[in-house]
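Report on the structure given below.
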Amino acid sequence: MPENQEPHVTQKFVYDFTEGNKDLKDLLGGKGANLAEMTNLGLPVPPGFTITTEACKVYLASGSEPPALRDEVSTHLEALEKRMGKKLGQADDPLLVSVRSGAKFSMPGMMDTVLNIGLSDASVAGLAAQSGDERFAWDSYRRLIQMFGKTVLGVDGDLFEEALEEAKRARNASTDVDLDAGDLKSLVEEFKGIVSEQTGRDFPQDPREQMDLAIRAVFDSWNGERAKLYRRQERIPHDLGTAVNVCSMVFGNLGPDSGTGVAFTRDPASGQQGVYGDYLANAQGEDVVAGIRNTVPLAELETIDKKSYDQLMRIMETLENHYRDLCDIEFTIERGKLWMLQTRVGKRTAAAAFRIATQLVDQGLIDETEALRRVNGAQLAQLMFPRFDESRTGDGAAERIGRGIAASPGAAVGAAVFDSATAVARARAGEKVILVRRETNPDDLDGMIAAEGILTSRGGKTSHAAVVARGMGKTCVCGAEELQVDLKQRRLTAPGGLVVAEGDVISIDGSTGSVYRGEVPVVPSPVVEYFEGRTRPDEQADELVRAVHRIMALADGNRRLRVRANADNAEDAARARRFGAQGIGLCRTEHMFLGERRELVERLVLAETEEECEAALAALLPLQKGDFAELFEAMDGLPVTVRLLDPPLHEFLPDLTELSVRVALAEARGETDEDDRRLLQAVRRLHEQNPMLGLRGVRLGLVIPGLFTMQVRAIAEAAADRAAAGGDPRAEIMIPLVGTVQELECVREEAEKVIAEVQQARGVDLKLLIGTMIELPRAAVTAGQIAECADFFSFGTNDLTQTVWGFSRDDVEASFFTAYLEKGVFGVSPFETIDKDGVGALVRGAVEAGRAARPDLKLGVCGEHGGDPESVHFFHGIGLDYVSCSPFRIPVARLEAGRAAAMESGEGGDSR
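Residues 626 to 1537 in the working numbering are what the sequence shown spells out, letter by letter.
Here you go:
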């Protein structure tokens, strides 16, 4: 080989559990990486191997596995068979394996799993002989056919469920555990008949064919509808692919000394330390997650199998200390021997996230910067939602009808619906709904997303409903056994015979597990009371409030971005200040012209002479001045950015059609109203086909003499009054919708004249800044020129998004945005999170050009994106000075600004 030629390296697609580690999640998926990590730690993990996400990507792109994959799988399967001392599907002593999905980010129940691969007509007797339990062997075989038929061959799962239910009815059995070996053997034959009838082929008897088909099914499930929907919901990239884990089977359904469970190292709902989880004797893993049989609390395992319980407690401590976080663990006990099947950093509720982050700091497992990375703004927003007023739950407004397991906290009220399709349909029509099921499965995901909350009569804290609801921040009550859910009659029956029909309003409390008929009143959350200043974060405060206070102090100490509020009146400004605002980034003066003041705007529009125009403006001046005086007092010592009038004037006038009809009817009666007639002429004169791109913003100031100068005078005089009273007004005048520097120059020249007049008359130096909103593509592209005439830029990302995309927001969100999101054109609405590649690129370019022309240029953003967590990180990264958002979102922006700074110093955890 020539010296300069690199040797050809064959890509490796399969890794033994002994070869990986927890840092290889991109390649091995979360499940495979963590199985490898537990193997490295010496924990009892059944042997197996992982097929990488790279193999999945090749399969999805080409429609077939990589050519080398089959041989690699064969090599690792042979090594596994040698280690286990038996071959896959061997007739007298079969090696059985599970085939499980495992993407980088946890997607509970969204992709496929098949257990007991290797069982066949030939090997089921060998399994019975080796286990000494004929019932167990036939139960395992019927489970394989049921899972394989549904998952791999696409058979309707209800057909298997109906056959199973019929078998139980025939034996008068309440659960499948009550079926004997003969019953299960008959059921296997019935299941095979269902497969043959539905697919046109027999259930595969070759164990390698079973495994290969199952691996392909897992690959295919990455692009299943429920998986794609979940990724859109959780903002998980669609190009990651899934790994496939092939693991030797261990059995929890071998009798009363066997079982399966899920454990958490802390309570994922509250964050409290203790023993949390579910256990189900004589069962396989899917029985726990599906919630089909109700589990017992994990603590009861101590009395069932103390040896395994004690070992599990030691392993849980090992894993939490190793991962330095809440761990979610799946385990199986096979005839008294404990096996670890999975671990991952566990999903948790918002309250648990804040509590656990501070607890881990106190335990010395993480530092404060890492604690800041462990929480996020979406979780904080959840904590700010109202909760039920417990003092009102018995006053007749609502009646408690049952109690279940508090699986995911929150207060949810809505109409009871009993299937996902109805939940989606009613939610799209604007109705709030509660999805009621016996248990949920992955096919219910769209209904769970649409619902305000989820209520199930079966399952525990680790059921599908609970895990998914916690991940989405949805209120959930599980295992409400006393409620009889009748899906066919679409109703639930409570103790005493009380019936809740579909459409009846119910309330569920995910913090207590209580279920009510009717609407329970709500009260502010304790976190909001803390931000309002009505609750002190001292030792007497709720633990959650203390945790939030600590995290917010860390965020404020870390962040570079300042956070301002979008506020138009003194009340909003005062609340924003209580919530931690460092000024006002957007005061929309058009909101000051509503109500009784509309008449003054009409007078301005109808003015036919210069005198009439001046009279209308003179009447508006003291009102505007009073508005600004209140704002400057509320925000004394902090900047207040006042945007001059932006919307087209027709928005302050009557509707053209309505006014035309009124005038026509009056004329028909011979009662012509001269004011209405003149107003109609003005409305027609100002009518535009596309008013949002017409006479508005800076164009108004240039076309209507005196309008902007009146507003500037009101600002200047109010600031002078505040200064005279000993205050510290810091007003900033913002010119909207500038597209060229010449527009800004014209308005700035007039504004400076007015400011100079007020300063001279009042003997004060006001130091008012004059800047502009960057909300048009041309303004962003020519930002260097505009900066020479501006003291600051504030990016109006709402309008900038509209003009970059060519969208009319009010029209497109109602017409085709839903389809775009479903088809994956958008991962998320560009009006919700900044479009980094389009709008964001323009903002970045404008920042660079503006600062190059004027290094001291102040830069902020005042669109709704200013309170969006992901967007805040983007704005931090491109060097803005501040973000501005609605008062309620200020704590979220503060937290995310702190997290953005923390993320620069290292990689944070991601518990998706």
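Beta carbons are placed, not taken as given, at the ideal position from N, Cα and C, and that holds for glycine.
Taking the Cα positions, Phe785 is about 42 angstroms away from Ile981. Inclusion of Val698 and Val777 in the CB contact set at 8 angstroms is not warranted, their separation being larger than that value. Annotation: the continuous beta strand (DSSP E) that includes Met1398 extends over 1394 to 1399. The Cβ atoms of Val1267 and Ile1340 lie closer than 8 angstroms to each other. The Cβ atoms of Ala1180 and Arg1524 sit closer than 8 angstroms to each other. Nearest C-alpha to Phe844 among Arg851, Gly1388, Thr968, Thr867: Thr867. Here Lys972 is buried, its C-beta having at least 16 other C-beta atoms within 10 Å.
For Lys962, the enclosing beta strand (DSSP E) covers residues 962 to 970.
From the listed residues Asp1435, Val1102, Lys1392, Ala1518, the smallest Cα separation to Asp1416 is found for Lys1392. The criterion of a C-beta distance shorter than 8 angstroms is not satisfied by Asn1001 and Ala1527.
Here Arg760 has Asp805, Ala806, Leu809 as same chain residues with Cβ atoms under 7 angstroms from its own Cβ, once five neighbours each way along the sequence are excluded.
No Cβ-Cβ contact shorter than 8 angstroms links Cys1414 with Leu1362.
Between Ala693 and Thr635, the CB-CB gap stays under 8 angstroms. Of Ser1016, Pro1146, Gln988, Asp1134, the smallest CA-CA separation from Ile1059 is found for Asp1134.
Secondary structure in the region 1047 to 1085: the beta strand (DSSP E) runs of 3 residues or longer, each lying completely within the stretch, are 1058 to 1062, 1078 to 1081 in chain order. A direct Cα-to-Cα measurement between Met663 and Thr643 gives close to 9 angstroms. Its Cα nearest to that of Leu652, the residue Leu865 stands out among Leu789, Phe1500, Leu865. Look at Pro832 here: in three-state DSSP terms it is helix.
Beta bridge pairing from DSSP links Phe785 with no other residue.
Here the alpha carbons of Glu1196 and Leu666 stand approximately 58 angstroms from one another.
A straight line joining the alpha-carbon of Thr738 with that of Gly1452 spans about 27 angstroms.
In this model, Ala1037 and Gln1336 are separated by some 45 angstroms (Cα to Cα). The region 725 to 794 is shown to contain whole beta strand (DSSP E) runs of 3 or more residues at 738 to 742, in chain order. Taking a contact as a CB-CB distance under 8 angstroms, the pair Asn907 and Gly880 counts as one, their CB atoms being some 6 angstroms apart. If you look at Thr1266, you'll find it in the beta strand (DSSP E) that goes 1264 to 1268.
With respect to the 8 angstroms criterion, Leu1186 and Leu1270 are not classified as neighbours on the basis of their beta carbons. With a minimum length of 3 residues, the unbroken runs of beta strand (DSSP E) contained wholly in the region 1344 to 1413 fall at 1355 to 1360, 1394 to 1399. The Cβ atoms of Val722 and Ile770 lie no closer than 8 angstroms to each other.
Residue pairing by DSSP places Phe876 opposite no residue, since no beta bridge is assigned to it.
Scanning the region 1102 to 1174 from its first residue to its last, the whole alpha helix (DSSP H) runs of 4-plus residues come out as 1151 to 1156.
Assignment of Lys1461 by DSSP, reduced to helix, strand and coil, places it in the coil class. In this structure, the alpha-carbon of Pro1273 lies about 14 angstroms from that of Leu1281. The alpha-carbon separation between Gln835 and Tyr766 amounts to approximately 13 angstroms.
In the DSSP assignment, Ala693 falls outside any alpha helix (DSSP H), carrying neither H nor E. Within the DSSP bridge table, the entry for Ser723 names Cys872 as partners. Given a length threshold of 3 residues, each whole run of the beta strand (DSSP E) inside the region 1208 to 1252 is given here in chain order: 1209 to 1213.
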